[in-house]
Amino acid sequence: MARYSLSRLVRHAVTDRPWPRAWRDAQPRNRYDVVIIGGGGHGLATAYYLAANHGIDRVAVVERAHIGSGNVGRNTTLVRSNYMMSGNTQFFEFSLQLWEGLSQELNFNVMLSQRGQIVLAHSPAQMDVLARRGNTMRLNGIEAELLDRGEVRRLLPYLDYSTAARFPIWGGLLQRRAGTVRHDAVAWGYARAADSLGVDIIEGCEVTGFLRDESGVHGVATTRGRILADRIAIAVAGHSSQVAAMAALRLPVESHLLQAFVTEPVKPFVDHVISFGAELFYISQSDKGGLVFGGHIDGYNSFTQRGQFAKAQSVAECAVAMIPGMSRLKLLRHWAGIQDMTPDGAPFICRTPVRNLYLDGGWCYQGFKATPAAGWCLADTIAHNAEHPLVRCYSLDRFERGADDLDEYGHGHWPYRH
Amino acid sequence: MLRIECPLCGERQYTEFRYGGDAGKPRPGYDVADLGAWHEYLFLFDNPKGMHREFWQHVQGCRQWLVVVRNTATDKVAEVMLASDAQRRTADGPSGR
């Protein structure tokens, strides 16, 4: 694979030759060291780090449709590490550090934009909560700044500061290193880099079952034939339960819809990522000018991959309560992704009770920002057949053991969190 | 919009209801000391892509708990009944006794 560079760009500009494919159209071989089910961000990142960090290059990524057609292209592109619970804080900070070097690492511009994220507080009590969260971050070596109302107003002058504001703004918590990434480029960048290290990316190849015996799994049956593998990883986002069920595994997962929304493009005015404090609502402005935002899950389990109108309405209400000027914008598009929700809102990166079978799933709202660290840690877990230290808390049996409180909201168990 | 036919109030939008999770799992008896059985009941889900038997509560209507059979791949509702009726119809009752 020829590296992308300025000289190559110039050469292509003056010659008439088209750019070559960025990765091969690989055909399935009979046998691999590792087969990864799911050609999304997590699966492709895992394949890349298996080859780059561990020298395991007999790796196949099998994808039912085409790569990047699932949640890696359906999210709101935010990256941040302003978590509070120990375990989450360290993992997502590691992920943000990997994001910071990713374009260089992959030789592919993922367009990381560290524009800063501000979480708003609408009451003195909420300021206390944000102060605590900021302090937790700082104790973990992550910068965080508590902003008062005046400082928020200087950065975000277009919010509702009137006396009539339904949710008055008291301040906010700023993480300057947070921001956005061009999500499709993440799938393409990892695919191209993994391919150049020898990984086979096999599209249009649906896994229909596992080849099993009493010692565990040793291959997959697919729509393009059987593929043998020493180790197999599941990284399929919303369909984790379905793929795990083929190996007779039941997961602590329910699949729910999360919608995302884009308005018509306007001149740049939202320069940061902003999170509303009165409801789950987050917004940023894309390079094309559209305001990209989202809220809660629809509220009941579904695989329909299209959202309900009621949620579009409540999310729009959040938008207008926070930025009154948005009432004049037209909604251009909205769509839904299927995401697996877990009882504590935290994911799984782990071995499973089935030998040679590994799981990356249960991502609950936060799969995209986790992509590099999830790939890094899952690759490490597969290579050593033992969980990477950063993901020991994300085990499949944590509810059975009553271990590791990872619940950022302190709601306690509810089967369709959050 | 997903609509649910409440046996008492008639057909309403799903926003009047609250989803209450999988109704297909028998609850262990109160004297069951095996934590594995409770773990399975509380934390593990079949999560089918297809027909799903689930609880809903009509929180903005009659406040009755309902059992709804719905296809999670299409959101088509096949059957709605009062949870109390569903329990009576199940020979063993919800405790499995």
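Chains as they are written, first to last, in this note's numbering: chain A, 57 to 474; chain B, 2 to 98.
Note that beta-carbon positions come from the ideal geometry of N, C-alpha and C, so glycine has one too.
* Asked: Distance, Cα to Cα, A/A181 vs A/T219?
  -> Counting from 1 along the first sequence, the entry for residue 181 of chain A is found at position 125. Counting from 1 along the first sequence, the entry for residue 219 of chain A is found at position 163. Using only the alpha carbons, I get a separation of about 19 angstroms.
* To do: Give the secondary structure of A/D240 by DSSP, where H, G and I count as helix, E and B as strand, and everything else as coil.
  => Here residue 240 of chain A refers to the residue found at position 184 of the first sequence. The answer is helix: DSSP assigns A/D240 an H, G or I state.
* **Host beta strand (DSSP E) of A/T319 (start-end)** => Position 263 of the first sequence, counted from the first residue, corresponds to residue 319 of chain A. Counting along the chain, A/T319 sits inside the beta strand (DSSP E) bounded by residues E310 to T319.
* Asked: Taking contact to mean at least 3 C-beta pairs separated by less than 8 angstroms, is the stretch 285-301 of chain A in contact with the stretch 77-97 of chain A?
  -> yes
* Helix, strand or coil for A/R362 per DSSP? -> Within the first sequence, numbered from 1, the residue matching residue 362 of chain A stands at position 306. Here A/R362 carries a coil assignment [DSSP, helix/strand/coil].
* CA-CA distance, A/A316 and A/V237? -> Position 260 of the first sequence, counted from the start, is the residue given in the question as residue 316 of chain A. Position 181 of the first sequence, counted from the start, is the residue given in the question as residue 237 of chain A. Roughly 16 angstroms between the two C-alpha positions.
* **B/P49 versus A/S296, A/L168, A/D343 and A/Y139, residue with shortest Cα-Cα distance** => Within the second sequence, the letter at position 48 stands for residue 49 of chain B. Ranked by how close their Cα comes to the Cα of B/P49, the residues A/S296, A/L168, A/D343 and A/Y139 have A/S296 in first place.
* Asked: Which class does A/S142 belong to by DSSP, given the choice of helix, strand or coil?
  -> One-based indexing of the first sequence puts residue 142 of chain A at position 86. Three-state DSSP puts A/S142 in coil, outside helix and strand.
* Enclosing beta strand (DSSP E) for A/E456 [first to last residue] -> Here residue 456 of chain A refers to the residue found at position 400 of the first sequence. Where A/E456 is concerned, there is no enclosing beta strand (DSSP E), although the alpha helix (DSSP H) it sits in stretches over R454 to R457.
* Is the CB-CB distance between A/L203 and A/G172 below 7 angstroms? -> Looking up residue 203 of chain A in the first sequence gives position 147. Looking up residue 172 of chain A in the first sequence gives position 116. No. Outside cutoff.
* Asked: Counting contacts by CB-CB distance shorter than 7 angstroms, is B/K50 in contact with chain A?
  -> Translated into positions along the second sequence, residue 50 of chain B becomes position 49. Interface residue, yes.
* To do: Using beta-carbon positions only, say whether A/L434 and A/T102 come within less than 7 angstroms of one another.
  => For this step, residue 434 of chain A is matched to residue 378 along the first sequence. For this step, residue 102 of chain A is matched to residue 46 along the first sequence. Taking 7 angstroms as the Cβ cut-off, A/L434 and A/T102 qualify as a contacting pair.
* Simplified DSSP assignment, three categories, for B/A84 -> On the second sequence, residue 84 of chain B is found 83 positions in, with the first residue counted as 1. Reduced to three states, the DSSP call for B/A84 is helix.
* Using 7 angstroms as the limit for Cβ to Cβ distance, is B/H59 near chain A? -> Numbered from 1 along the second sequence, position 58 holds the residue referred to as residue 59 of chain B. Interface with chain A (7 angstroms Cβ-Cβ cutoff): B/H59 is excluded.
* Figure out for me which residue from A/V242, A/I258 and A/A108 has the closest Cα to the Cα of A/A116. => For the purposes of this step, residue 116 of chain A is taken as residue 60 along the first sequence, with counting starting at 1. Of the candidates A/V242, A/I258 and A/A108, the one whose C-alpha sits nearest the C-alpha of A/A116 is A/I258.
* To do: Determine which residues share a DSSP beta bridge with A/A116 and list them.
  => Here the question's residue 116 of chain A lines up with position 60 in the first sequence. For A/A116, which the question treats as bridged, DSSP gives the partners A/V91 and A/D256.
* To do: Classify A/A392 as helix, strand or coil using the three-state DSSP reduction.
  => Here the question's residue 392 of chain A lines up with position 336 in the first sequence. Strand.
* Could you name the residues of chain A that B/Y42 contacts, counting a contact when the two beta carbons are closer than 9 angstroms? => As a position in the second sequence, residue 42 of chain B is number 41, starting the count at 1. Simply none; closest approach about 11 angstroms.
* Could you say which of A/V318, A/G275 and A/Y338 lies nearest to A/N303 if we only look at CA atoms? => Numbered from its first residue, the first sequence carries residue 303 of chain A at position 247. Correcting the residue identity first, residue 303 of chain A is Ala in this sequence and not Asn. It is A/G275.
* Ignore the nearest five residues each way along the sequence and tell me which others in B/F18's own chain have a CB closer than 7 angstroms to its CB. => The residue you call residue 18 of chain B lines up with position 17 of the second sequence. Closer than 7 angstroms at Cβ, skipping near neighbours: I5, W57, Q58, H59 and V60.
* Asked: From A/R384 to A/G346, what does the alpha carbon distance come to, in whole angstroms?
  -> If you number the first sequence from 1, residue 384 of chain A lands on position 328. If you number the first sequence from 1, residue 346 of chain A lands on position 290. If you take the alpha carbons of A/R384 and A/G346, they lie about 13 angstroms apart.
* Would you kindly work out how many angstroms separate the C-alpha atoms of B/V70 and B/Q88, rounded to a whole number? => Residue numbering aside, residue 70 of chain B sits at position 69 when the second sequence is read from its first letter. Residue numbering aside, residue 88 of chain B sits at position 87 when the second sequence is read from its first letter. B/V70 and B/Q88: Cα-Cα distance of roughly 14 angstroms.
* To do: Step through the CB atoms of chain A and report whether any lies within less than 7 angstroms of the CB of B/F46.
  => Along the second sequence, one-based indexing puts residue 46 of chain B at 45. Interface criterion met: the Cβ of B/F46 is under 7 angstroms from a Cβ in chain A.
* **Interface residues of the stretch 66-79 of chain B facing chain A [CB-CB below 7 angstroms]** => Within the stretch 66-79 of chain B, the residues whose Cβ lies closer than 7 angstroms to any Cβ of chain A are, in chain order, T73, A74, T75 and D76.
* To do: From the DSSP output, read off the bridge partner residues of A/Y338.
  => By one-based count along the first sequence, residue 338 of chain A stands at place 282. Bridge partners of A/Y338: A/S331 and A/G350.
* Within chain B, partners of A/E456 - CB distance below 8 angstroms -> Position 400 of the first sequence, counted from the start, is the residue given in the question as residue 456 of chain A. Neighbours of A/E456 on chain B, chain order: L36, G37, H40 and F44.
* Would you check if the distance between the CB atom of B/Y20 and the CB atom of A/G381 is smaller than 7 angstroms? => Against the second sequence, residue 20 of chain B aligns to sequence position 19. Against the first sequence, residue 381 of chain A aligns to sequence position 325. Taking 7 angstroms as the Cβ cut-off, B/Y20 and A/G381 do not qualify as a contacting pair.
* Mind checking if A/T192 is an interface residue toward chain B, Cβ cutoff 7 angstroms exclusive? -> Here the question's residue 192 of chain A lines up with position 136 in the first sequence. No, no contact with chain B.
* To do: Give a yes or no on whether the minimum CB-CB distance between B/T91 and chain A is below 7 angstroms.
  => What you label residue 91 of chain B is simply residue 90 of the second sequence in a count that begins at 1. Closer than 7 angstroms: no.
* Asked: Taking Cβ-Cβ distances shorter than 8 angstroms, what residues in chain A pair up with B/M2?
  -> Within the second sequence, numbered from 1, the residue matching residue 2 of chain B stands at position 1. The contacting residues are Q364, F365 and A366.
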